[in-house]
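Chains W and C supply the protein sequences, listed in that same order.
For what it's worth, this note's numbering labels the leading residue of the first sequence as 311, then goes sequentially.
For what it's worth, this note's numbering labels the leading residue of the second sequence as 311, then goes sequentially.
A virtual CB, placed ideally from N, CA and C, is assigned to each residue, including glycine.
Every value quoted in this text rests on a predicted model; they were computed, and no experiment measured them.
A short worksheet on the structure shown next.
2 protein chains.
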Amino acid sequence: MRMSEGVEWALHTCLNLTWLPGDQAVPTAKLAAFYALPAAYLNKQMQALARAGIVSSTPGPRGGFRLARSPEQITVLDIVVAIEGPDEAFRCVQLLKQGPGADPAVDYRQACLISQAMHRADMAWRRELAAQTLAGLKADVEQQYPAAPGNTSSALRA
Amino acid sequence: MRMSEGVEWALHTCLNLTWLPGDQAVPTAKLAAFYALPAAYLNKQMQALARAGIVSSTPGPRGGFRLARSPEQITVLDIVVAIEGPDEAFRCVQLLKQGPGADPAVDYRQACLISQAMHRADMAWRRELAAQTLAGLKADVEQQYPAAPGNTSSALRA
Numbered sequence: 311m312r313m314s315e316g317v318e319w320a321l322h323t324c325l326n327l328t329w330l331p332g333d334q335a336v337p338t339a340k341l342a343a344f345y346a347l348p349a350a351y352l353n354k355q356m357q358a359l360a361r362a363g364i365v366s367s368t369p370g371p372r373g374g375f376r377l378a379r380s381p382e383q384i385t386v387l388d389i390v391v392a393i394e395g396p397d398e399a400f401r402c403v404q405l406l407k408q409g410p411g412a413d414p415a416v417d418y419r420q421a422c423l424i425s426q427a428m429h430r431a432d433m434a435w436r437r438e439l440a441a442q443t444l445a446g447l448k449a450d451v452e453q454q455y456p457a458a459p460g461n462t463s464s465a466l467r468a
Numbered sequence: 311m312r313m314s315e316g317v318e319w320a321l322h323t324c325l326n327l328t329w330l331p332g333d334q335a336v337p338t339a340k341l342a343a344f345y346a347l348p349a350a351y352l353n354k355q356m357q358a359l360a361r362a363g364i365v366s367s368t369p370g371p372r373g374g375f376r377l378a379r380s381p382e383q384i385t386v387l388d389i390v391v392a393i394e395g396p397d398e399a400f401r402c403v404q405l406l407k408q409g410p411g412a413d414p415a416v417d418y419r420q421a422c423l424i425s426q427a428m429h430r431a432d433m434a435w436r437r438e439l440a441a442q443t444l445a446g447l448k449a450d451v452e453q454q455y456p457a458a459p460g461n462t463s464s465a466l467r468a
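Have a look at this one:
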């Protein structure tokens, strides 16, 4: 089980956008060049973030992407779900329906205790990701790596 | 991101084995028939569980699989890791190494705050799965579905 690398790209790119003035849109080519990423593939991730309302896209020669809401209102979970989709990693196929004594009227995604156990773990994972905002990451980076914000905004404005 | 269906098969099969006497080995064909699963593919999962020390395999005409240790000593996490492997779903490729101001001597899997955030969520998921043993699942099933243990052991002994 492996998360797509687009999640890492999207998290870093959204964090980088927190260090630009809110009215400044950055073209995908510049966002991609920052980490030497393939622009076409990063653009797919940016479109997914736009569909999720995390970034907004401005067309035209001075266009590009910027955050669509404040970093306090964007969680790590929002970004992960925008790229990976909302489904849980464990998708119960209701194996119990094929077993002896199965009740065809029962939804075993709800009734099965194994399914419930896997769901509880997924919820713990989501709670942890939802507790972390871009604003929190931004503040932590600024404290631990004081040069990062300046380096980032000059590279993306250049 | 989707977990292999082998995880669901392995969890149900291990739970079913808790309802058999500890000295009774069940052949893969019978374990597979219980849920109408393809025996060859279930056998691959059983071999992975055997390599992880969760089940033991007895060869020969009366052979098969049984739990290798008591249900108190087998967690849901043990079974998930046996099938999916030990790696975290988010695998940091150290994107920061490709960014401006990168320090080639730094291991960004450790230093990157995004990597740390993803790691904390993975740990929360693992803690939850590690807190749930086969013994706990067995007890919960016995309380909520009192017919299940009897149905299971008769079907697997038949």
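For residue i, which residues does DSSP report across the bridge?
i                        : result
arginine 292 of chain C  : The first residue shown for chain C is 311 and the last is 468, placing residue 292 of chain C beyond what the model contains.
valine 336 of chain W    : W:Phe375
threonine 443 of chain W : W:Thr385
Got a sec: is the Cβ-Cβ distance from residue i to anything in chain W below 8 Å?
i                            : result
glycine 409 of chain C       : yes
glutamine 357 of chain C     : no
phenylalanine 375 of chain C : no
glutamate 382 of chain C     : no
leucine 439 of chain C       : yes
alanine 457 of chain C       : yes
arginine 467 of chain C      : no
leucine 434 of chain C       : Residue identity check: residue 434 of chain C is alanine in the sequence provided, not leucine. Yes, its Cβ sits closer than 8 Å to a Cβ of chain W.
alanine 320 of chain C       : no
alanine 378 of chain C       : no
arginine 372 of chain C      : no
So residue i is in the alpha helix (DSSP H); what residue range does that whole segment cover?
i                       : result
tyrosine 351 of chain W : 349-361
leucine 459 of chain C  : The sequence shown places proline at residue 459 of chain C, rather than the leucine named in the question. Per DSSP, proline 459 of chain C belongs to the alpha helix (DSSP H) from 458-467.
With DSSP collapsed to three states, give me the class of residue i.
i                            : result
threonine 385 of chain W     : strand
valine 416 of chain C        : coil
threonine 323 of chain W     : helix
phenylalanine 344 of chain W : helix
glutamate 398 of chain W     : coil
valine 403 of chain W        : coil
serine 314 of chain C        : coil
leucine 423 of chain W       : helix
tryptophan 435 of chain C    : helix
Looking at the C-beta of residue i, does it have a partner C-beta in chain C at a distance below 8 Å?
i                         : result
leucine 423 of chain W    : yes
tryptophan 329 of chain W : no
valine 317 of chain W     : yes
valine 365 of chain W     : no
asparagine 353 of chain W : no
leucine 444 of chain W    : no
aspartate 417 of chain W  : no
leucine 325 of chain W    : yes
aspartate 450 of chain W  : yes
alanine 342 of chain W    : no
valine 336 of chain W     : no
alanine 349 of chain W    : no
valine 391 of chain W     : no
alanine 346 of chain W    : yes
alanine 339 of chain W    : no
alanine 360 of chain W    : no
alanine 399 of chain W    : yes
So, is residue i buried or exposed, given that buried needs 16 or more other C-beta atoms within 10 angstroms?
i                        : result
glycine 411 of chain W   : exposed
aspartate 413 of chain C : exposed
serine 380 of chain C    : exposed
serine 296 of chain W    : Within the shown structure, residues of chain W are numbered from 311 to 468, placing residue 296 of chain W beyond reach of any answer.
valine 416 of chain C    : exposed
alanine 346 of chain W   : exposed
glycine 370 of chain C   : exposed
glycine 470 of chain W   : Any answer about residue 470 of chain W is impossible in this case: the structure gives chain W only from 311 up to 468.
alanine 469 of chain W   : The structure shown does not extend to residue 469 of chain W, since chain W is modelled only from 311 to 468, so the question has no answer here.
alanine 358 of chain W   : buried
glutamate 382 of chain C : exposed
aspartate 499 of chain W : Because chain W spans 311 through 468 in this model, residue 499 of chain W falls outside it and cannot be assessed.
glycine 460 of chain C   : exposed
tyrosine 418 of chain C  : buried
glutamine 453 of chain W : exposed
alanine 494 of chain C   : Limits of chain C in this structure are 311 at one end and 468 at the other, which puts residue 494 of chain C out of reach.
serine 332 of chain W    : This sequence places glycine at residue 332 of chain W; serine is not what is there. It counts as exposed.
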